[in-house]
């Protein structure tokens with residue numbers, strides 16, 4: 302068995318007399334014509350004159366592969382998806398989707414959803430993460446001039462921009478389609494309420510007290526807030542004396558990053574193998590770069606703490622940090638207002654980042670939240686994917702070594718310490734360091750911790766190119782040992 306260099310080809314199944322012919326049209330082109338089907342059969346009969354041809358399915362092919370499993374190669378290293386950055390283009394849709402998936406699991410555990418409703422719900426949910434999240438930029442927008450934020454304001458009134466942007470709304474409507482499967486059931490109101498609960502809202506400060514302190518504690522935790530950035534610059538588990546954060550190992554440190562034309566040029570030469578072929582360049586260059594982008598400098602910014610508010614009750618301590626990114630970054634695309642909320646309970650530490658008043662920005666940008674806890678050297682990080690714990694340092698060459706999507710989050714395990722870090726809303730993480738547009742093929746240095754990508758718009762294909770919603774990102778840290 303060899304890697305196929307095209308979308309579909311003939312694969313001989315070892316140990317059997319069968320072959321599977323995967324016959325596709327092109328990307329997003331729909332089903333083949335009758336004439337094309339006849340031509341496919343004619344071509345296959347020439348290639349295999351003594352074969353019997355059966356219109357079949359991937360299920361049937363999988364059953365044959367199971368029978369031949371002893372003769373198949375075994376790959377245990379992660380491969381991943383080197384195009385996964387697109388998941389970061391619509392935080393609102395991703396947050397709602399992940400909330401519905403968690404609710405679905407709750408219903409299954411409680412046996413509160415019947416099979417018919419579940420099947421219809423699944424049909425709707427499957428459409429949400431499907432790989433095309435809008436119209437193709439190079440086909441339908443065809444604009445490589447209106448990048449600057451102030452220019453984009455007027456450009457969005459043009460017909461091609463309006464049509465292009467509506468396609469993202471159509472993709473978000475799959476959330477409503479999934480909920481329609483719950484119509485006339487008690488589950489519908491429960492789902493609606495859950496989605497309402499994660500809508501970003503500015504905090505009500507009525508029960509909070511403004512404080513000048515930066516050190517706080519409750520029966521489980523000692524915590525220090527960085528007076529510069531609002532991140533956690535100190536965290537100690539009082540049960541064990543384990544120090545999880547210090548000034549060199551911050552938790553929840555936000556970075557806003559913008560990219561240059563040089564970043565895209567580097568990525569183009571790193572990632573696209575057949576870039577000199579005209580048939581490849583015509584589509585791959587607008588898909589993977591930002592043609593016409595004039596930005597010279599790669600820049601990054603950290604937030605500045607503005608105020609700290611606290612609220613305590615018998616069960617928890619809540620800290621609310623108001624912060625902002627520099628004015629220069631807000632002129633590009635940064636939100637005007639940030640709130641970091643830390644909730645310390647007996648069982649865990651919860652962190653929520655909310656941002657408000659973000660302008661639409663077509664210039665390439667990304668937001669990262671860094672978690673680099675102080676950890677024992679002998680342990681190991683894992684990324685949780687499809688129910689499996691994946692070692693980010695065991696990824697095949699030219700695989701997704703720099704960015705992963707995940708189910709619940711990440712974890713660290715050693716003989717002394719078990720740490721679980723769940724991300725409820727954001728679905729992308731870069732191990733070791735933030736990494737977009739740098740396909741360097743190196744395994745990560747995990748001494749740098751984990752960096753959750755909250756949003757990015759570096760893709761140039763069928764994904765949203767700008768985002769202006771208020772947003773919410775929740776994280777939960779649990780520690781044993």
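In the working numbering, the protein residues as written are 302 to 782.
Glycine included, each C-beta is placed from N, C-alpha and C at the ideal position.
Query                                                                                                                                                   : Result
I need the straight-line Cα distance from residue 396 to residue 347, nearest angstrom please.                                                          : 51 Å
Please return the same chain residues whose Cβ sits closer than 6 Å to the Cβ of residue 641, not counting the five positions on each side in sequence. : 531, 622 and 654
Provide the residue span of the alpha helix (DSSP H) that contains residue 367, from first to last.                                                     : 359–368
If you scan the region 463–530 from start to end, which runs of the alpha helix (DSSP H) of 4 or more residues do you find wholly inside it?            : 487–498
Can you give the beta carbon distance from residue 625 to residue 607, rounded, assuming they're within the 8 Å contact cut?                            : 6 Å
Assign residue 328 to one of three DSSP states: helix, strand, or coil.                                                                                 : coil
Short check: CB of residue 435 to CB of residue 764, under 8 Å?                                                                                         : yes
Can you give the beta carbon distance from residue 664 to residue 448, rounded, assuming they're within the 8 Å contact cut?                            : 5 Å
What residue does the beta strand (DSSP E) around residue 428 start on, and which one ends it?                                                          : Premise fails: residue 428 lies in the alpha helix (DSSP H), 416–428, not in any beta strand (DSSP E).
From residue 303 to residue 678, what does the alpha carbon distance come to, in whole angstroms?                                                       : Because the pLDDT at residue 303 is just 44, under 50, the model does not fix this residue reliably, and the point stays unresolved.
What number of angstroms, rounded off, separates the C-alpha of residue 468 from the C-alpha of residue 429?                                            : 13 Å
Skipping 5 residues on each side, what residues in its chain have a beta carbon closer than 8 Å to that of residue 377?                                 : 695
Output the distance between the C-alpha atoms of residue 441 and residue 456, rounded to the nearest integer angstrom.                                  : 14 Å
Counting C-beta neighbours from all protein chains within 10 Å, is the total for residue 550 16 or more, i.e. buried, or is it exposed?                 : buried
Just how far apart, CA to CA, sit residue 668 and residue 417?                                                                                          : 40 Å
When we look at the beta-carbon of residue 342 and count the other beta-carbons within 10 Å, is it buried (16 or more) or exposed?                      : exposed
Going by C-alpha to C-alpha distance, which of 559, 571, 578 and 629 sits closest to residue 596?                                                       : 559
Run the CB neighbour count on residue 452, radius 10 Å, all protein chains shown included, and call it buried at 16 or more, exposed below.             : exposed
In the DSSP assignment, the beta strand (DSSP E) including residue 394 goes from what residue to what residue?                                          : Per DSSP, residue 394 belongs to no beta strand (DSSP E); it is in the alpha helix (DSSP H), 392–411.
Would you mind reading off the limits of the alpha helix (DSSP H) that contains residue 562?                                                            : 562–572
Could you check whether residue 383 and residue 728 sit closer than 8 Å to each other, using their CB atoms as the reference points?                    : no
What span of residues does the beta strand (DSSP E) with residue 732 cover, start to end?                                                               : 729–732
Going by DSSP, which residues form a beta bridge with residue 671?                                                                                      : 554 and 752
What's the gap between the Cα of residue 327 and the Cα of residue 310?                                                                                 : 13 Å
What are the residues that DSSP puts in a beta bridge with residue 535?                                                                                 : 525
At what residues does the alpha helix (DSSP H) containing residue 339 begin and finish?                                                                 : 335–348
Determine the direct distance from the alpha carbon of residue 353 to that of residue 398, and round the result to whole angstroms.                     : 44 Å
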